[in-house]
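Residue numbers (UniProt numbering), protein chains in the order written: chain A, 1 to 341; chain B, 1 to 341.
Below is one structure, written out as structure tokens, with a few remarks after it.
Protein chains: 2
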Amino acid sequence: MKAENMGTIKIVDTTLRDGSHAMSHQFNEEMISKIVKGLDEANVYAIEVSHGDGMGGSSLQYGFSLLSDSEMLEVAKPNIEQSRLAILLLPGIGTRDDLKIAAEHGVRMARIATHCTEADISEQHIGLAKNLGMEVACFLMMAHMVSPEKLLEQALLMQSYGADVVYIVDSAGALLPSGVKERVKKLCEGLKIQVGFHGHNNLGLAIANSLVAVDSGASYIDGTLRGLGAGSGNAQIEVLVAVFEKSGYSSGVNFYSIMDTAEKVLEPFMKRPQVIKNDSLMLGYAGVYSSFLLHTLRAAQKYQLDPRDIIVEIGKQKIVGGQEDIIINVAYDLYKKMNKK
Amino acid sequence: MKAENMGTIKIVDTTLRDGSHAMSHQFNEEMISKIVKGLDEANVYAIEVSHGDGMGGSSLQYGFSLLSDSEMLEVAKPNIEQSRLAILLLPGIGTRDDLKIAAEHGVRMARIATHCTEADISEQHIGLAKNLGMEVACFLMMAHMVSPEKLLEQALLMQSYGADVVYIVDSAGALLPSGVKERVKKLCEGLKIQVGFHGHNNLGLAIANSLVAVDSGASYIDGTLRGLGAGSGNAQIEVLVAVFEKSGYSSGVNFYSIMDTAEKVLEPFMKRPQVIKNDSLMLGYAGVYSSFLLHTLRAAQKYQLDPRDIIVEIGKQKIVGGQEDIIINVAYDLYKKMNKK
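Take a look at the structure:
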């Protein structure tokens with residue numbers, strides 16, 4: 001059992017899904033059609049189009065998108081000639097019906113994402129996506145929080161459910177290159193299926209981590225045009241293409257064409273430049289998911305603390321999404337500890 | 001003979017020197033005093049203050065700076081309590097008199113820079129700086145252009161002239177982590193003095209390359225607040241501090257304090273965000289120095305070529321600074337070749 005990348009990389013663009021966070025989920029028809037057309041011409045392997053939190057994410061909790069998932073896919077489809085259309089689905093946010101809708105819209109790749117310790121909730125969705133004839137890539141999110149061994153255990157579950165690829169997803173941009181290397185190697189050694197990597201740039205390491213992932217055996221790599229994404233953003237896809245080409249890996253993506261799409265198509269639509277500010281840097285440093293930021297700022301104000309101290313503490317306690325209520329307790333404990341000194 | 005980093009890194013800030021390119025060399029007194037104060041409080045090892053092209057750079061050719069080197073150093077000095085004040089000097093642009101001026105202004109570290117094959121022009125400057133009691137760090141610029149062996153040969157010259165440190169300077173942001181590793185290892189094995197690394201972010205690798213450099217034995221690392229610098233900029237210093245701390249290296253720099261200096265002091269002065277655009281990406285991809293860009297655009301227009309093809313060709317032919325006139329010939333040859341097909 002050994003997964004290998006064969007020297008060829010499948011580059012997946014997620015500008016119109018993960019990048020959506022940086023656009024407050026307000027991609028319109030013009031943006032979607034132009035971006036998809038540019039990406040398809042550049043010949044990326046797959047183009048992911050969904051609400052930032054996956055199909056079904058448009059809601060009060062995650063933010064309403066301008067267009068529904070169906071509408072976005074409908075706009076995207078006719079602009080594709082060679083790439084495959086992909087969607088993201090988080091079981092619990094999206095449903096099996098969403099997968100059927102995706103299939104009806106010509107989606108050929110389903111990406112099913114769970115927290116890195118909860119692969120077991122993806123079984124039915126993986127099965128259905130396979131039955132619908134789609135390639136299935138599975139995400140183990142916040143992958144820095146668990147050991148390579150635990151990650152492999154979870155990836156093996158996804159493999160047993162029928163996944164074609166398992167991604168190590170560095171949701172908080174918290175992995176160092178050494179951490180990426182050991183995780184990718186572990187999965188490549190233990191799986192029969194392919195391994196992918198999805199990086200974020202909180203520590204300025206998204207490109208290097210993607211390169212380390214490929215050097216270690218990964219074959220699916222995610223990026224976004226200009227690095228568009230929440231906080232400090234994703235791996236900048238045109239930079240990925242340059243670095244892979246310079247490193248001797250072939251991806252089939254046209255370098256000039258993806259650069260043009262980034263600069264001439266995406267950039268004019270951007271609301272703000274994709275840089276590393278202190279908030280994102282702290283999240284990467286502490287290994288904390290971005291949805292905790294607002295709660296942290298509130299708790300810091302209440303107890304007159306430096307929000308950075310709270311973020312470090314949340315990271316240490318390995319608090320996960322859904323446990324946002326605990327933040328106020330963390331802040332209170334920190335406040336007591338500091339006033340004791 | 002073996003240089004080692006002992007696990008402690010000396011972080012040198014060059015916001016007020018290399019960052020000056022991104023400010024068209026227009027740093028004023030308020031900016032200099034506030035930035036120096038913030039960097040000193042954060043306890044960086046050294047603070048470099050000079051024209052972007054080093055002392056004596058203020059000219060029609062390199063761009064006039066708002067304040068002279070003397071004036072900048074005079075403003076900087078009283079704001080320093082713990083860091084050491086540094087200057088950059090390129091023999092040929094700066095003179096030995098500039099070194100004396102620097103010493104008079106309390107500069108404790110001279111950084112003497114040459115092209116990676118021209119170490120021999122630095123002998124007198126290194127000698128004088130040592131005689132003036134300064135720590136001397138030497139730069140081998142455009143270090144991607146030569147082999148590790150050639151680089152060591154040049155570094156040995158600088159060591160023999162009295163240098164305390166030799167830096168591998170990735171001026172074009174063209175080195176991959178593997179290229180940094182082999183160069184740093186070679187120098188660490190062959191030198192008795194310390195090794196440094198100065199990265200640029202054209203390929204999104206400035207942070208990772210700095211980490212690889214330290215992992216390979218380098219002990220002096222350069223960065224700038226928010227990555228301020230020409231094109232895609234330098235290694236972002238507050239991100240460097242985070243990554244080194246997370247990797248278990250100590251630098252003595254206060255993480256919160258350097259973050260605050262980046263966001264509250266430097267950022268409001270910035271003219272544009274520090275991102276990777278296509279021009280800079282191409283320069284890093286091809287390994288070409290940024291001063292060639294304007295000439296390339298002109299030549300491309302003249303012969304109706306894609307400037308990217310010219311940049312790739314300049315990189316292949318290893319044309320160096322001072323040979324800008326050759327660009328028009330490169331373009332003409334490319335034009336002939338393309339119209340033959």
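Ideal Cβ placement from N, Cα and C applies to all residues, glycine included.
Range covered by the beta strand (DSSP E) that runs through B:Glu135: Reading the second sequence from its first residue, position 135 is the one you call residue 135 of chain B. Segment Glu135 to Met141, the beta strand (DSSP E) holding B:Glu135.
B:Ala242 at chain A interface by Cβ criterion, 8 Å: If you number the second sequence from 1, residue 242 of chain B lands on position 242. Yes, contact with chain A.
Below-8 Å beta-carbon distance, B:Pro148 vs any chain A residue: Walking along the second sequence from the start, residue 148 of chain B turns up at place 148. Cβ-Cβ to chain A under 8 Å: no for B:Pro148.
Every unbroken alpha helix (DSSP H) inside the segment 20-83 of chain A [4 residues or more]: Entirely contained in the segment 20-83 of chain A, the alpha helix (DSSP H) runs reaching 4 residues are, in chain order, 29-42 and 69-76.
Cβ pair A:Ala86, A:Val36 closer than 8 Å: Against the first sequence, residue 86 of chain A aligns to sequence position 86. Against the first sequence, residue 36 of chain A aligns to sequence position 36. Not in contact: A:Ala86 and A:Val36 (Cβ atoms no closer than 8 Å).
Beta-bridge partners of A:Val184, as assigned by DSSP: Stepping through the first sequence from its first residue, residue 184 of chain A is reached at position 184. Beta-bridge pairing links A:Val184 to no other residue.
For B:Arg108: DSSP bridge partner residues: Reading the second sequence from its first residue, position 108 is the one you call residue 108 of chain B. For B:Arg108, which the question treats as bridged, DSSP gives no partner whatsoever.
Rounded C-alpha distance that separates B:Ala143 from B:Leu151: For the purposes of this step, residue 143 of chain B is identified with residue 143 of the second sequence, where counting begins at 1. For the purposes of this step, residue 151 of chain B is identified with residue 151 of the second sequence, where counting begins at 1. Cα to Cα, the separation comes out at about 7 Å.
C-beta neighbour in chain B for A:Glu182, strict 8 Å: Taking the first residue of the first sequence as 1, we reach residue 182 of chain A at position 182. Taking Cβ atoms only, chain B never reaches closer than 8 Å to A:Glu182, which makes this a no.
Three-state secondary structure assigned by DSSP to A:Thr114: As a first step, residue 114 of chain A must be located in the first sequence, where it is residue number 114. Strand, per DSSP.
Same chain, Cβ closer than 7 Å to B:Glu135, five either side skipped, listed in chain order: Mapped onto the second sequence, residue 135 of chain B falls at position 135. Once the five neighbours on either side are set aside, the close Cβ partners of B:Glu135 are Arg108, Met109 and Asp164.
Residues near A:Lys119 by beta carbon distance below 6 Å, same chain, minus five either side: Position 119 of the first sequence, counting from 1, holds the residue named residue 119 of chain A. In the sequence on display, residue 119 of chain A carries Ala and not Lys. So the qualifying residues of the chain are Gln154, Leu157 and Met158.
Selection from B:Gly204, B:Pro148 and B:Gly199 that minimises the alpha carbon distance to B:Leu191: For the purposes of this step, residue 191 of chain B is identified with residue 191 of the second sequence, where counting begins at 1. The candidate whose alpha carbon is nearest that of B:Leu191 is B:Pro148.
Exposed unless 16 or more other CB atoms sit within 10 angstroms - verdict on B:Arg183: Numbered from 1 along the second sequence, position 183 holds the residue referred to as residue 183 of chain B. Buried, by the Cβ-count rule.
Helix, strand or coil at A:Tyr249 according to DSSP, with G and I counted as helix: Here residue 249 of chain A is taken as the residue at index 249 of the first sequence, counted from 1. Three-state result, A:Tyr249: coil.
Contact list for B:Gly315 against chain A, beta-carbon separation under 8 Å: On the second sequence, position 315 is the one that residue 315 of chain B refers to. Chain-order list of chain A residues neighbouring B:Gly315: empty, with the shortest C-beta distance near 11 Å, by a criterion of under 8 Å.
Pair within 8 Å by beta-carbon distance, A:Met72 and A:Ile32: Counting from 1 along the first sequence, the entry for residue 72 of chain A is found at position 72. Counting from 1 along the first sequence, the entry for residue 32 of chain A is found at position 32. Cβ distance < 8 Å, so A:Met72 and A:Ile32 count as in contact.
Which residues DSSP lists as bridging A:Ile221, in chain order: Here residue 221 of chain A corresponds to residue number 221 of the first sequence, with the count starting at 1. The secondary-structure analysis by DSSP pairs A:Ile221 across a beta bridge with A:Ile11 and A:Phe197.
Through-space distance from A:Arg226 to residue 350 of chain A, alpha-carbon basis: Outside the shown range of chain A, which is 1 to 341, sits residue 350 of chain A, and nothing can be said about it.
Residues in the segment 257-280 of chain A having any Cβ partner in chain B nearer than 9 Å: If the cut-off is 9 Å between Cβ atoms, the segment 257-280 of chain A has Met259, Asp260, Ala262, Glu263, Glu267, Arg272, Pro273, Gln274, Val275, Ile276, Lys277 and Asn278 near chain B.
Any 3 or more C-beta pairs closer than 8 Å across the segment 282-293 of chain B and the segment 13-20 of chain B: With the rule of 3 Cβ pairs closer than 8 Å, the segment 282-293 of chain B does not count as touching the segment 13-20 of chain B.
Cutoff 7 Å; reference B:Arg308; Cβ partners in own chain excluding five residues on either side: As a first step, residue 308 of chain B is located in the second sequence; it is residue number 308 there, counting from the start. Once the five neighbours on either side are set aside, the close Cβ partners of B:Arg308 are Met282.
Residues that B:Tyr285 contacts on chain A, provided the C-beta gap is smaller than 7 Å: Along the second sequence, read from residue 1 onward, the residue named residue 285 of chain B stands at position 285. Result: Ala242 and Lys246.
Residues of the segment 161-183 of chain B with Cβ closer than 7 Å to any Cβ of chain A, in chain order: Leu176 and Pro177
Contact residues within the segment 182-196 of chain B, judged by C-beta distance below 7 Å to chain A: Listed in sequence order: no entries.
Pair within 8 Å by beta-carbon distance, A:Gly52 and A:Ala174: As a working note, residue 52 of chain A is residue 52 in the first sequence. As a working note, residue 174 of chain A is residue 174 in the first sequence. Not a contact, by the Cβ cut-off of 8 Å.
Partner residues on chain B for A:Ile207, Cβ-Cβ distance less than 8 Å: Start at 1 with the first residue of the first sequence, and residue 207 of chain A comes out as number 207. Neighbours of A:Ile207 on chain B, chain order: Leu203, Gly204, Leu205 and Ala208.
Nonlocal neighbours in the same chain, by C-beta distance under 7 Å from A:Tyr256, ignoring five residues either side: For the purposes of this step, residue 256 of chain A is identified with residue 256 of the first sequence, where counting begins at 1. For A:Tyr256, where only same-chain residues beyond five positions count, there are no Cβ hits under 7 Å.
Min CB distance residue 345 of chain B to chain A below 8 Å: Past the edges of chain B, shown from 1 to 341, lies residue 345 of chain B, and the structure says nothing about it.
Buried versus exposed call for B:Arg272 [16 or more other C-beta atoms within 10 Å across all chains shown]: Start at 1 with the first residue of the second sequence, and residue 272 of chain B comes out as number 272. Under this definition B:Arg272 is an exposed residue.
Minimum Cβ-Cβ distance from B:Arg298 to chain A less than 8 Å: In the second sequence, counting from the first residue as 1, residue 298 of chain B sits at position 298. Judged by the 8 Å Cβ criterion, B:Arg298 is not in contact with chain A.
Amino acids of chain B, ordered along the chain, whose beta-carbon sits closer than 9 Å to that of A:Arg308: For the purposes of this step, residue 308 of chain A is taken as the residue at position 308 of the first sequence. Per Cβ cutoff of 9 Å: Phe255, Tyr256 and Met259.
Pairwise C-alpha distance: A:Asn209 and A:Ser83: Walking along the first sequence from the start, residue 83 of chain A turns up at place 83. Walking along the first sequence from the start, residue 209 of chain A turns up at place 209. Rounded to whole angstroms, A:Ser83 to A:Asn209 spans 25 Å at the Cα level.
Among A:Val44, A:Val180 and A:Tyr335, nearest to A:Ile9 - alpha-carbon criterion: For this step, residue 9 of chain A is matched to residue 9 along the first sequence. That would be A:Val44, whose Cα lies nearest to the Cα of A:Ile9.
B:Asn79 classed as buried or exposed, judged by whether at least 16 other C-beta atoms fall within 10 angstroms: Here residue 79 of chain B refers to the residue found at position 79 when the second sequence is read from its first residue. Burial check for B:Asn79: the Cβ neighbour count within 10 Å reaches 16 or more, so the residue is buried.
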